[in-house]
Amino acid sequence: MAYTTKEIIELMEKAAQLGVSVEVTGSDFTVKIDGKAEHIYAVPSAELPQAAPASTNIQATVINPAPELTKAEENGIVVKSPIVGTYYSSPAPDKDAFITVGKTVKKGDVLFIIESMKLMNEVTSEYNGVVKEILVGNGQAVEFGQPILVLE
């Protein structure tokens with residue numbers, strides 16, 4: 005059974021909440037449950053794919069609107085969250101927001117940050133436009149595909 009990266013991340017987050025951690029070294033791995041360790045030796049039946057390095061610069065995914073449009077989708081390009089995490093409007097609490105309503109953005113400009121699994125992922129614009137509406141608040145938890153802002 006093959007898992008997507010998103011499914012693996014969700015499983016690891018749930019396992020961490022239950023006090024389970026996994027350490028992998030080659031084909032050996034150690035499972036710790038509430039501080040108790042049990043070493044397990046595994047012989048892979050086939051070569052396992054290697055994980056790609058984590059990226060801190062993620063392109064925003066703009067999904068084509070469905071036939072029934074929401075109010076936000078009727079009024080412009082909706083930028084949606086590419087991952088589950090926490091939305092941050094600025095690079096640090098004492099810094100200005102990347103964007104504000106009415107600001108002109110160019111393709112490649114940083115729009116916001118989504119923190120996921122202690123990684124700060126900058127989300128950049130795929131379009132030129134003007135920020136028409138910001139739909140979430142700073143520090144708010146967001147889901148994959150959740151509308152974050154509207155460009156016109």
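My numbering puts the first residue of the sequence shown at 5, with every later residue one more than the last.
Cβ atoms here follow ideal geometry from the backbone N, Cα and C, with glycine treated the same way.
Small disclaimer: the values here were computed from a predicted structure and weren't measured.
Could you tell me which residues DSSP puts in a beta bridge with residue i?
i	result
Ile81	Leu155
Ile13	Answer is none; Ile13 lacks a bridge partner.
Glu130	DSSP lists no partner for Glu130.
Thr108	Val134
Give the secondary structure of residue i by DSSP, where H, G and I count as helix, E and B as strand, and everything else as coil.
i	result
Lys87	Per the sequence presented here, residue 87 reads as Ile, with Lys not at that position. It is coil, neither helix nor strand.
Ala145	strand
Lys18	helix
Met124	strand
Thr8	coil
Ala70	For Ala70, the predicted structure reports a pLDDT of 42, less than 50, and the residue's modelled location is therefore unreliable. A value from the coordinates is still provided. Reduced to three states, the DSSP call for Ala70 is coil.
Ile117	strand
Gln150	coil
Report the option in the options whose CA atom is closest to the CA atom of residue i.
i	options	result
Val114	Tyr7, Ser25, Ser129	Ser129
Asn132	Gly112, Pro97, Phe116	Gly112
Val127	Val88, Lys136, Glu156	Val88
Pro95	Glu11, Lys122, Val105, Ile117	Ile117
Ile138	Lys122, Thr104, Val109	Thr104
Thr108	Leu155, Gly143, Gly149	Leu155
Residue i lies in the beta strand (DSSP E); which residues open and close that run?
i	result
Gly133	133 to 138
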